[in-house]
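Residues in the sequence shown are numbered from 910 upward in steps of one, following my numbering. For each residue, glycine too, the CB sits at the ideal point set by N, CA and C.
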Amino acid sequence: MKKTFPLHVEGKHPDRLLDATKHEIRKYMKRERNRALPVGVDFWDFDCRFGATEQTAVVAHPAELIGLIDAAAKEGGTQFYIEILAKHGVRKPRDPSAGATIANFLEE
């Protein structure tokens, strides 16, 4: 998804427009997460960019997007650009020596 969302549209309340854009973004991410996973892939991850325009967009974490949208609306911007691209995610195995184990707790 690469899209520029307006924050002010004639005849629409800005708060409802903001809610509708957030809903559209959440719906897109949910739809992408529910796609079938290829072999060897654990989950769908996202590369995201956010900014006032496409040229000024910077890399953002998917969990930060809604907060960034709220901040853009509070600053009085007229629009914002968002780019969300799905990519394959593979979980890395945990290092057994890094974490605590049950045996450590039983020894104490």
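Contact set for residue i: own chain, Cβ-Cβ below 6 Å, skip 5 residues either direction
i, result
"residue 994", "956"
"residue 962", "990"
Inter-residue spacing [alpha-carbon to alpha-carbon] between residue i and residue j
i, j, result
"residue 992", "residue 958", "5 Å"
"residue 978", "residue 989", "8 Å"
"residue 940", "residue 926", "21 Å"
"residue 998", "residue 984", "34 Å"
Integer Cβ distance of residue i from residue j, believed to fall under 8 Å
i, j, result
"residue 960", "residue 950", "Contact flag wrong, Cβ pair sits at about 29 Å."
"residue 954", "residue 996", "5 Å"
Residues near residue i by beta carbon distance below 7 Å, same chain, minus five either side
i, result
"residue 917", "923 and 987"
"residue 975", "931"
Neighbour-count burial assignment, residue i, 16 or more Cβ in a 10 Å radius
i, result
"residue 929", "exposed"
"residue 945", "exposed"
"residue 972", "exposed"
For this session: Kindly provide the ranges of any beta strand (DSSP E) runs that are 3 or more residues long and lie completely inside the region 941 to 1015, ordered along the chain.
Result: Runs of the beta strand (DSSP E) inside the region 941 to 1015: 952 to 960, 967 to 969 and 988 to 998.
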